Amino acid sequence: MNLPFEIRKATIKDIEELIRLRLELFKELGEVQSEQEEALVTTATKKYLEEALSNNEFISFLALSNNKVISMSGMVLFKRPPYLDNIKGLEAYILNMYTIPPYRGKGLARKLLENCMEECKKIGVKRIWLHASDDGMPLYKKMGFTFKNSEMELFI
7 MNLPFEIRKA
17 TIKDIEELIR
27 LRLELFKELG
37 EVQSEQEEAL
47 VTTATKKYLE
57 EALSNNEFIS
67 FLALSNNKVI
77 SMSGMVLFKR
87 PPYLDNIKGL
97 EAYILNMYTI
107 PPYRGKGLAR
117 KLLENCMEEC
127 KKIGVKRIWL
137 HASDDGMPLY
147 KKMGFTFKNS
157 EMELFI
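Numbering-wise, my numbering puts 100 at position 94 of the sequence shown, and it's gapless, one number per residue.
Encoded structure:
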């Protein structure tokens, strides 16, 4: 990678930057389309991150260039009942992998994902899962992720 960058774990002080990049992601996906929706998501995300970053339920790694956040990862940690392959029941869900457009294709997502995976190993997570975008699919496959097509969902 030709770009000078720094990777570090996000802290409470990074909440505004996490929200900024998350909103950019949502706008790019067409999930936030008005100022009212943006305000609603901003308020709810700020409240969530203040709590979840403090108690380590949410972990994020950031990529910075010249002290500017240019890429982020997100990871929600949770416990489920133990099963044979995961006796501790600790799992991680990767989400909000996002790099601002001028910095894409420079290996930042890979570095952030590697940091997430190392953190998972360090704290005893046995299963990491995610929903891959078309753009992210090749990276996740290279990193060893495989398909499990039995998931369903219901919004209530």
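From the three backbone atoms N, C-alpha and C, an ideal C-beta is built for every residue, glycine too.
Note that this is a predicted model, so its numbers are computed, not measured.
| Query | Result |
| --- | --- |
| F64, buried or exposed, once every other Cβ within 10 Å from all chains shown has been counted against 16 | buried |
| Cβ separation of S71 and L118, assumed to be a contact under 8 Å, to the nearest whole Å | Actually they do not touch by this definition, with Cβ atoms about 13 Å apart. |
| Where R28 falls: helix, strand or coil (DSSP) | helix |
| Delimiting residues of the alpha helix (DSSP H) encompassing M158 | Counting along the chain, M158 falls outside any alpha helix (DSSP H), and DSSP gives it neither H nor E. |
| Beta-bridge pairing of C13 - partner residues as DSSP gives them | Before going on, a small fix: residue 13 reads as Ile here, not Cys. DSSP output for I13 lists A69 as bridge partner(s). |
| Close Cβ partners of M158 (< 8 Å) along its chain, the five nearest in sequence each way excluded | none |
| Within 8 Å, strictly: CB atoms of L68 and V75 | yes |
| Stretch pair the segment 106 to 117 + the segment 40 to 54: three plus CB contacts closer than 8 Å | no |
| Residue(s) in a DSSP beta bridge with L101 | G80 |
| N121, DSSP secondary structure in three states | helix |
| Residue burial classification, T152 (beta-carbon count within 10 angstroms, cutoff 16) | exposed |
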